[in-house]
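Asker:
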Amino acid sequence: GNSVTQMEGPVTLSEEAFLTINCTYTATGYPSLFWYVQYPGEGLQLLLKATKADDKGSNKGFEATYRKETTSFHLEKGSVQVSDSAVYFCALNPNQAGTALIFGKGTTLSVSS
Amino acid sequence: DGGITQSPKYLFRKEGQNVTLSCEQNLNHDAMYWYRQDPGQGLRLIYYSQIVNDFQKGDIAEGYSVSREKKESFPLTVTSAQKNPTAFYLCASSILQGNTEAFFGQGTRLTVV
């Protein structure tokens, strides 16, 4: 079946530290992969996406590369800011008829100044 | 502006009452989804619909019902059969084909007292 596993949180960092949030997936076929961000009390916003192997998604200093050989899509940022504090979700679109996006459990990031 | 509107943002109901959450989109998307979010559990799929007058159960459909009479609207009813209805509910939509992401509303926080 299809599933997403992401690292447990919370992740606590100081401002300007390097961020990695691990995400691995299992899927049949050729899925698309996404990172979403959720700020307190709000819905999810798309952060970045990759639709095929070796694609790199990037946005607002965040990056993730679709690695088919390791079935991974790890989120990275070189220098985090306090404003990056949020919950981050890794998600998979199986690209199969009759299916919906599948989400990981979310990782809470807290950045202090 | 195009988007997804969920209403109300906060909802309080007495135990044993049915309650309906509204979700409207003007993105001309065929597919719509309802997710439930609980702390530490990520997003779990309740129902989804890919076409008017048709919908499918997700992973946790028991105690919920939906309708899709119009392309723009996908209301969710939380019935008295749902044993633990207090949660944050998120509606989303997407186009049907391709490697696409879902777009989310701002969510409704339901509290049953």
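For the protein sequence lines, the chains are V and Y, in the order given. Heads up, our numbering is the position in the first sequence plus 870, with the first residue counted as 1. Heads up, our numbering is the position in the second sequence plus 949, with the first residue counted as 1. Positions of the beta carbon are idealized from the N, C-alpha and C atoms, including for glycine. Computed from a predicted model, the values in this text were never measured in an experiment.
(1) If we define contact as Cβ-Cβ less than 8 Å, is Phe932 of chain V a contact residue for chain Y?
(2) So the candidates are V:Glu886, V:Ala897, V:Tyr936; which of them puts its Cα closest to the Cα of Phe904 of chain V?
(3) Mind listing the chain V neighbours of Phe1004 of chain Y? Cutoff is C-beta to C-beta under 9 Å, in chain order.
(4) What residues from chain C crowd round Leu971 of chain V, counting only those whose CB sits closer than 7 Å?
(5) Does the Cβ-Cβ distance between Gly948 of chain V and Phe959 of chain V come in under 8 Å?
(6) What span of residues does the beta strand (DSSP E) with Val1015 of chain Y cover, start to end?
(7) Give the list of continuous beta strand (DSSP E) stretches no shorter than 3 residues that lie fully inside the stretch 976-1045 of chain Y.
(8) Going by Cα to Cα distance, which pick from V:Lys926, V:Ala934, V:Leu918, V:Gly927 is closest to Leu889 of chain V?
(9) Report the CB separation of Gly1056 of chain Y from Gly976 of chain V in whole angstroms; it is logged as a contact under 8 Å.
(10) Going by CA-CA distance only, name the one from V:Leu917, V:Lys938, V:Gln966 that's closest to Asp925 of chain V.
(11) Determine the chain V residues that contact Leu994 of chain Y at a beta-carbon separation under 7 Å, and present them in chain order.
(12) Closest by CA to Leu945 of chain V, which one among V:Asn892, V:Pro880, V:Glu886, V:Glu878?
(13) Determine the direct distance from the alpha carbon of Gln955 of chain Y to that of Gln945 of chain Y, and round the result to whole angstroms.
(14) Please return the same chain residues whose Cβ sits closer than 6 Å to the Cβ of Gly1012 of chain Y, not counting the five positions on each side in sequence.
(15) Quick check on this structure: which residue in Y:Gln966, Y:Asn975, Y:Ala1010, Y:Leu1025 has the alpha carbon closest to the alpha carbon of Gly952 of chain Y?
(16) Select from Y:Leu1025, Y:Gln990, Y:Asp987, Y:Phe1037 the residue whose C-alpha is nearest the C-alpha of Ser998 of chain Y.
(17) Using three-state DSSP, classify Val881 of chain V as helix, strand or coil.
(18) Could you spell out the range, first to last residue, of the beta strand (DSSP E) harbouring Asn963 of chain V?
(19) Whose C-alpha, out of Y:Gly965, Y:Ser1022, Y:Asp987, Y:Lys1019, is nearest the C-alpha of Arg1058 of chain Y?
Answerer: Let me spell this out:
(1) By 1-based counting over the first sequence, the position of residue 932 of chain V is 62. So no, Phe932 of chain V is outside the interface.
(2) The count along the first sequence starts at 1 and reaches residue 904 of chain V at position 34. The residue with the shortest Cα to Cα distance from Phe904 of chain V is V:Tyr936.
(3) To locate residue 1004 of chain Y, count along the second sequence from 1; it is residue 55. Result: empty, since nearest Cβ-Cβ is about 11 Å, beyond 9 Å.
(4) Protein chains in the displayed structure are V and Y, and chain C is not among them.
(5) Looking up residue 948 of chain V in the first sequence gives position 78. Looking up residue 959 of chain V in the first sequence gives position 89. Contact: no.
(6) Indexing the second sequence from 1 puts residue 1015 of chain Y at position 66. Here the beta strand (DSSP E) through Val1015 of chain Y covers 1013-1015.
(7) 980-987, 991-1000, 1003-1006, 1013-1015, 1025-1027, 1036-1043
(8) The residue you call residue 889 of chain V lines up with position 19 of the first sequence. Closest by alpha carbon: V:Ala934.
(9) Here residue 1056 of chain Y corresponds to residue number 107 of the second sequence, with the count starting at 1. Here residue 976 of chain V corresponds to residue number 106 of the first sequence, with the count starting at 1. That belief does not hold up - the Cβ atoms of Gly1056 of chain Y and Gly976 of chain V are roughly 14 Å apart, past 8 Å.
(10) The count along the first sequence starts at 1 and reaches residue 925 of chain V at position 55. Measuring from the Cα of Asp925 of chain V, the nearest candidate turns out to be V:Lys938.
(11) Residue 994 of chain Y sits at position 45 when you count from the first residue of the second sequence. Neighbours of Leu994 of chain Y on chain V, chain order: Ala970.
(12) Translated into the one-based positions of the first sequence, residue 945 of chain V becomes position 75. Checked all of V:Asn892, V:Pro880, V:Glu886, V:Glu878; the closest Cα to Leu945 of chain V is V:Asn892.
(13) Chain Y is shown from 950 up to 1062; residue 945 of chain Y falls before or after that span and cannot be answered.
(14) The count along the second sequence starts at 1 and reaches residue 1012 of chain Y at position 63. These residues qualify, in order along the chain: Thr1028, Ala1030, Gln1031.
(15) As a first step, residue 952 of chain Y is located in the second sequence; it is residue number 3 there, counting from the start. Measuring from the Cα of Gly952 of chain Y, the nearest candidate turns out to be Y:Asn975.
(16) For the purposes of this step, residue 998 of chain Y is taken as residue 49 along the second sequence, with counting starting at 1. Among Y:Leu1025, Y:Gln990, Y:Asp987, Y:Phe1037, the Cα nearest to that of Ser998 of chain Y is on Y:Leu1025.
(17) Position 11 of the first sequence, counted from the first residue, corresponds to residue 881 of chain V. In the structure shown, Val881 of chain V sits in a strand (DSSP, three-state: E or B).
(18) Position 93 of the first sequence, counting from 1, holds the residue named residue 963 of chain V. First-last of the beta strand (DSSP E) with Asn963 of chain V: 956-963.
(19) Locating residue 1058 of chain Y in the second sequence gives position 109, where the first residue counts as 1. If we check each option's Cα against that of Arg1058 of chain Y, Y:Asp987 comes out closest.
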